[in-house]
Amino acid sequence: MDAYAAVDGSWQEIGLAAPARRALVDEGLFQLSDLRKLSLAAIKELHGMGPNAIRVLVSEMKKADLSFRK
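Position in the sequence shown (first residue = 1) + 150 = our numbering.
As C-alpha cells, this is what we get:
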C-alpha cells in the first residue's frame, strides 16, 4: 500500500486515474468539497490533471451542487 492509498479513496470512488489523484492529494484536496478552495483554472494547472480528470471533476461537482472558487 502506497502513501496515497490511505487518503485518496474519495478520488478512487469517482474514477480518477492515479496521476490526478496524486495531484489532488499533494494539494491537500481529499474530497469533492475541498475543490471549492481552488478555481477550475488552478486545478487544470496541476501536474497530473488531464482532460478526462477535469471532465469527471466538473461533472461530480455539478452533481453535488458544488462550485469551484471564482
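By construction, the Cβ of each residue, glycine as well, lies at the ideal position given by its N, Cα and C atoms.
Here the structure is a predicted model, which means the values were calculated and not measured.
Taking the alpha-carbon of residue 206 as reference, which of 163, 187 and 152 has the nearest alpha-carbon? Counted from its first residue, the sequence shown places residue 206 at position 56. Among 163, 187 and 152, the Cα nearest to that of residue 206 belongs to 163.
Roughly how many whole angstroms lie between the Cα atoms of residue 156 and residue 175? Taking the first residue of the sequence shown as 1, we reach residue 156 at position 6. Taking the first residue of the sequence shown as 1, we reach residue 175 at position 25. Roughly 10 Å between the two C-alpha positions.
Specify, as a first and last residue, the run of the alpha helix (DSSP H) that residue 163 falls within. In the sequence shown, residue 163 corresponds to position 13, counting from 1. Segment 159-163, the alpha helix (DSSP H) holding residue 163.
Following the continuous alpha helix (DSSP H) through residue 203, name the residue where it begins and the one where it ends. For the purposes of this step, residue 203 is taken as the residue at position 53 of the sequence shown. Taken as a continuous stretch (DSSP letters only), the alpha helix (DSSP H) holding residue 203 covers 201-213.
I think residue 186 touches residue 218, with their Cβ atoms under 8 Å apart; what is that distance to the nearest whole Å? As a position in the sequence shown, residue 186 is number 36, starting the count at 1. As a position in the sequence shown, residue 218 is number 68, starting the count at 1. Yes, they are in contact, since the Cβ atoms of residue 186 and residue 218 sit about 7 Å apart, within 8 Å.
Leaving out five residues on either side along the sequence, give the residues of the same chain with a beta carbon under 7 Å from the beta carbon of residue 196. Residue numbering aside, residue 196 sits at position 46 when the sequence shown is read from its first letter. Only 173 and 177 meet the Cβ criterion.
Do residue 220 and residue 204 come within 8 Å of each other at the CB atom, strictly closer than that value? As a working note, residue 204 is residue 54 in the sequence shown. As a working note, residue 220 is residue 70 in the sequence shown. No, the pair does not count as a contact, with Cβ atoms beyond the cut-off.
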